[in-house]
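Here is the structure we will look at, set down as structure tokens.
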Amino acid sequence: MPARSSGLYNLKWAWLADQPSWEACILVALGALAINRAAGELLAVHAVLANGLHRMLPLKAIIAVPLSQIFTKAPVRLCNTPAVLTTPAVSVPAIQEAVVSTPTGWKRTRLVLRAALVAIPSGIARQMVGFITTCPAVRVRARP
0 MPARSSGLYN
10 LKWAWLADQP
20 SWEACILVAL
30 GALAINRAAG
40 ELLAVHAVLA
50 NGLHRMLPLK
60 AIIAVPLSQI
70 FTKAPVRLCN
80 TPAVLTTPAV
90 SVPAIQEAVV
100 STPTGWKRTR
110 LVLRAALVAI
120 PSGIARQMVG
130 FITTCPAVRV
140 RARP
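In numbering that gives the first Met the number 0, the protein residues as written are 0 to 143.
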């Protein structure tokens, strides 16, 4: 999890930064998904989850594809309602390109979340960039 200096502590839901470990952060973020969230909050929670879940070495290869599919659906759904996005003229094509240009897996998760940064309020986007850039850049493959 990025240090508090990343600005996460200043989020209106700073409770996320107060968690004692990345595992606790994942559990709290999963609970946050149960509440109806604004676009910026939803994508921020996805970024936090992706950042933490890629650290789970035994599950990393197993969850790469299903997590990518789940995290791709939300931004695509938001693209269908561009009024909820900050800059839909820029963000909708960027998100759609990230989805169709990469195979499912960690790379797609990272690229979709990165493309979605321009779709959410800049304050949240600045705080989430650290979480997204630490996600794996390449697809993780299971060992034979």
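The beta carbon of each residue, even a glycine, is placed where N, CA and C say it ideally should be.
Check	Outcome
Pick helix, strand or coil for Thr-133, following the three-state DSSP scheme.	coil
Assuming the contact rule is C-beta atoms closer than 8 angstroms, Leu-56 and Thr-108 should be a hit. Round their C-beta distance to whole Å, please.	With 8 angstroms as the limit, Leu-56 and Thr-108 do not qualify as a contact, their Cβ atoms being about 17 angstroms apart.
Give, in chain order, every unbroken run of the alpha helix (DSSP H) that is at least 4 residues long and sits entirely within the stretch 65-141.	87-100, 105-115 and 121-132
Among Leu-52, Ile-123, Thr-80 and Val-91, which has the Cα closest to the Cα of Gly-104?	Leu-52
Since Thr-133 and Asn-50 should fall inside the 8 angstroms C-beta cutoff, what is the C-beta to C-beta distance between them, to a whole number of angstroms?	6 angstroms
Taking Gly-111 and Pro-81 to be in contact with their CB atoms under 8 angstroms, please state how far apart those CB atoms are, rounded to whole angstroms.	The displayed chain sequence assigns Val, not Gly, to residue 111. About 16 angstroms separates the two Cβ atoms, so there is no contact after all.
For Gly-38 versus Val-98, is the C-beta distance shorter than 8 angstroms?	Inspection of the sequence shows that residue 38 is occupied by Ala rather than by Gly. Contact flag unset, no.
Thinking Thr-86 and Ala-118 are a contact (beta carbons under 8 angstroms), I'd like their distance in whole angstroms, please.	7 angstroms
Residues in the same chain with beta-carbon distance under 7 angstroms from Ala-28, minus the five sequence neighbours each way, listed in chain order, please.	Leu-15, Val-44, Val-47 and Leu-48
Quick one: what does DSSP say His-53 is sitting in, helix, strand or coil?	coil
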